[in-house]
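Novice: Start counting the sequence shown at 0; every next residue gets the next number (numbering that gives the first Met the number 0).
Glycine included, every Cβ here is placed at the ideal spot set by N, Cα and C.
Being a predicted model, the structure only gives us computed values, none of them experimental.
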Amino acid sequence: MQRRKFLGAAAASALAVPRAVLSAHAGSFFSEASADSSPFPLSVMLWTVEPKLAFDQRLEIVAQAGYHACQLVNEYKGWSSEDFARARRKKDVLGITFDATSGIHGSLCDPAQREATLREIRDHLPHLVELQSPRLILLSGNRVPGLSHAQMHAACVETVRAAADLAAQKNIELLIENIDPEENPEYFLTSVNEGFAIVREVNRPNVKFLYDFFHDQIAEGNLIAKLEKNIDVIGLVHIADVPGRHEPGTGEINYANIFRKLRDLHYRGNIAMEFVPIANTVQSLSAARQLVDHV
0 MQRRKFLGAA AASALAVPRA VLSAHAGSFF SEASADSSPF PLSVMLWTVE
50 PKLAFDQRLE IVAQAGYHAC QLVNEYKGWS SEDFARARRK KDVLGITFDA
100 TSGIHGSLCD PAQREATLRE IRDHLPHLVE LQSPRLILLS GNRVPGLSHA
150 QMHAACVETV RAAADLAAQK NIELLIENID PEENPEYFLT SVNEGFAIVR
200 EVNRPNVKFL YDFFHDQIAE GNLIAKLEKN IDVIGLVHIA DVPGRHEPGT
250 GEINYANIFR KLRDLHYRGN IAMEFVPIAN TVQSLSAARQ LVDHV
């Protein structure tokens, strides 16, 4: 399952967990989680973590693997105020933050949808406040028939600029993400270099680029050179290997080199695991964390 397909199913994950389940796991969270020795803040995209389990259980798995942050994809759709309060209490007990969220469906590249997209973002921002989450991930949307590439590029700039002003009122940072054309042949922003250009043209302090290495390896490659040229506009990176979207070391991306380069470039943003584990989820997440720890 890819993240954009997960959007429609996220709300089905129950927030409550049976007391017996919580009791059975309570002693294991912090005994298996190491001290936060990583050179970067680490996170996990929650849609990749046992999506059939309840929300609380999935948070427990993240904590058990030694992470102190996770990112959400609209798992909170339809929540009540009490649901948000319970999620805050749970994350606080586990020592986890919600460092970014996704879930906006509106197009950035279609000028005809601009006002609707801005309304969606405006209505979504209170959810981030409830979650105490400081970042919102935005996708460009699909190409628009009848518009030139330059027109869609300009629409992205104008929509993101307006969205940045809305988000700044809530102290929220926006992150623009690339998707590869194999996953979605209709998606507009498949070029990471164009994404960097859009962020620079928007020219707002609360707008950065989400560099997804999995997508860019499929689309274009040359990952380290792009890091060196654009580290100043990168606010978040997502990690999964190619092919298959599995853990680092299962494919062709040399993540040890990428982590070392991020360290050498003094990158200070989050590194988020967005892979589908082949084996045991806790073990796979723990191994990925240790790979970062040892750069």
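(1) Skipping 5 residues on each side, what residues in its chain have a beta carbon closer than 8 Å to that of D240?
(2) My output table needs one value for C155: the three-state DSSP class, helix, strand or coil.
(3) Thinking C-beta only, is A62 closer than 8 Å to S285?
(4) Could you tell me the boundaries of the alpha helix (DSSP H) in which Y254 lies?
(5) Who are K207's beta bridge partners in DSSP?
(6) Taking 8 Å as the threshold, find out whether the segment 231–239 comes into contact with the segment 191–207 through three or more Cβ pairs.
(7) Can you look up A34 in the DSSP assignment and give me helix, strand or coil?
(8) Helix or strand or just coil, what does DSSP make of S80?
(9) Along the chain, where does the beta strand (DSSP E) that runs through D98 open and close?
(10) Using DSSP with H/G/I as helix, E/B as strand and the rest coil, what is V48?
(11) On the DSSP bridge list, what partners appear for V236?
(12) I think Q70 touches A278, with their Cβ atoms under 8 Å apart; what is that distance to the nearest whole Å?
(13) Pick out the complete beta strand (DSSP E) segments inside the segment 98–142, 3 residues or longer, and give them in chain order.
(14) Would DSSP call L71 helix, strand or coil?
(15) Could you check whether D109 and V72 sit closer than 8 Å to each other, using their CB atoms as the reference points?
(16) Thinking C-beta only, is G194 closer than 8 Å to I325?
(17) State yes or no: is the C-beta of P40 within less than 8 Å of the C-beta of N256?
(18) Give me, in chain order, the residues of the same chain whose beta-carbon lies closer than 8 Å to that of E49; leave out the 5 immediate sequence neighbours on both sides.
(19) Once the 5 residues before and after G243 are set aside, which same chain residues still bring their CB inside 7 Å of it?
(20) Between D215 and S37, is the Cβ-Cβ spacing less than 8 Å?
(21) Return the chain-ordered list of same chain residues with a C-beta closer than 7 Å to the C-beta of T189, the five sequence neighbours on each side being excluded.
(22) For V241, which three-state DSSP category applies?
(23) Along the chain, where does the alpha helix (DSSP H) that runs through E227 open and close?
(24) Assuming R360 contacts V236 (C-beta within less than 8 Å), just tell me the rounded distance between them.
(25) Determine the direct distance from the alpha carbon of G145 to that of T100, and round the result to whole angstroms.
(26) Rounding to the nearest angstrom, what Cα-Cα distance links F54 and S147 in this structure?
(27) Determine the direct distance from the alpha carbon of S106 to that of R113, and round the result to whole angstroms.
(28) Tell me, to the nearest whole angstrom, how far the beta carbon of I95 is from that of L135; I am working on the premise that it is less than 8 Å.
(29) My output table needs one value for V275: the three-state DSSP class, helix, strand or coil.
(30) Kindly indicate the opening and closing residues of the alpha helix (DSSP H) around S285.
(31) Span of the alpha helix (DSSP H) holding A64?
Specialist: Reading from the atomic positions:
(1) F213, E246, P247, G248, T249, G250, E251, I252, Y254 and F274
(2) helix
(3) no
(4) Y254 to D263
(5) L174
(6) yes
(7) Model confidence at A34 stands at a pLDDT of 43, short of 50, so the residue's coordinates are unreliable and nothing is read from them.
(8) helix
(9) T96 to S101
(10) coil
(11) Y210 and I270
(12) Not confirmed; about 22 Å, so no contact.
(13) 134–138
(14) strand
(15) no
(16) The displayed coordinates of the chain run from 0 to 294. Any statement about residue 325 would go beyond what the structure contains.
(17) no
(18) Q56, R57, I60 and T280
(19) T249 and G250
(20) no
(21) N177, I178, D179, P180 and A218
(22) coil
(23) L222 to N229
(24) With the chain running from 0 to 294 in the structure shown, residue 360 is simply not present.
(25) 32 Å
(26) 42 Å
(27) 7 Å
(28) Not really, about 18 Å apart at Cβ, beyond 8 Å.
(29) coil
(30) T280 to D292
(31) That residue, A64, is in no alpha helix (DSSP H); it is neither H nor E in DSSP.
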